[in-house]
Amino acid sequence: MNETIEKFLDGIGITTDIIANLKDPGDDLDIKKLSNDFKEKQKAVFSNDPDVMKTLDLKAKGKARGSVERKIKKVSGISNEEWIENELEGDYEKALTFGFDKQKKAGSKSAQDIQVELQDANTKIKWYKEEEVPRIQKESNEKVDKGTATRFLRRLIADSGELIVSENAATTVVKGELS
């Protein structure tokens, strides 16, 4: 085994005993046992290393916190900008209170909006009753009156036996008979 590989193995934490066994392997060398011993040593090193444990702990807490914060944001309707602006990061009580207040305001705002829409609808109904319906009735009455006058004139012309083509002539005939 060359010297560079020995330095590398030593640098990554392999004991000198294992390096010596790898350098001059005997017939009784159990590679599986050596690798298991190395794994156990690495586990012990990493589980006792405060930096590694702190990093793993922070990642686990960050994942859990992120999940909870996403749920609070979603349920409460809090945007990312509001989250940052109101400094809700990590303070769940403050976040829940903010979300509750926001929902409460949104609910009362909706009730106010409904009141405004109801007033607008009532105003439109009043306008239809007072202006539009009478206008439509007047137009339909005028159409009925014109239709009645036209039918009367046609009946009068048919009864008189005279063939008159235009309405003006019929009007003249009717006026002449009425006079």
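Plus 1 on top of the position in the sequence shown (first one is 1) and you've got the numbering used here.
Backbone N, C-alpha and C fix where the C-beta goes; we use that ideal spot for every residue, glycine too.
The structure presented is a predicted model; accordingly, all values stated were derived computationally and were not measured.
For S80 and K74, I'd like the C-alpha separation in whole angstroms. Cα to Cα, the separation comes out at about 7 Å.
I20 at chain B interface by Cβ criterion, 7 Å: In summary, chain B is missing from the structure at hand, where a single protein chain is found.
Can at least three beta-carbon pairs, one atom from the region 32 to 46 and one from the region 16 to 23, be found at a separation below 8 Å? Result yes; three or more Cβ-Cβ pairs closer than 8 Å.
Close beta carbons around Q104, own chain, < 8 Å, minus the five adjacent residues each side: Cβ neighbours of Q104 beyond the five flanking positions: S77 and G78.
Touching by the beta-carbon criterion (3+ pairs, under 8 Å), the region 85 to 92 and the region 51 to 59: Below 8 Å, too few C-beta pairs join the region 85 to 92 and the region 51 to 59 to call them touching: fewer than three.
Of the residues D92, S48, E143 and G148, the one placed nearest R66, counting alpha carbons only: Minimum Cα distance to R66 is reached at D92.
From R136 to R155, what does the alpha carbon distance come to, in whole angstroms? Between the C-alpha atoms of R136 and R155 there is a straight-line separation of about 29 Å.
Please report how far the alpha carbon of G177 lies from the alpha carbon of T149, in whole angstroms. At G177 the pLDDT is 49, less than 50, meaning the model places this residue with poor confidence; the figure from the coordinates comes in the next sentence. The alpha-carbon atoms of G177 and T149 are separated by roughly 20 Å.
What alpha helix (DSSP H) runs, 4 residues minimum, are completely inside the region 111 to 164? If we require 4 residues or more, the alpha helix (DSSP H) runs fully inside the region 111 to 164 come out as 134 to 161.
Between I15, D29 and I115, which has its C-alpha nearest K44's C-alpha? Proximity to K44 across I15, D29 and I115 peaks at I15, based on C-alpha coordinates.
Can you tell me whether A107 is buried or exposed? The criterion is at least 16 other CB atoms within 10 Å of its CB, across all chains shown. Its Cβ having fewer than 16 others within 10 Å, A107 is exposed.
Over the uninterrupted alpha helix (DSSP H) stretch that includes I13, give me the two end residues. Boundaries for I13: no alpha helix (DSSP H) harbours it, and the DSSP string shows neither H nor E there.
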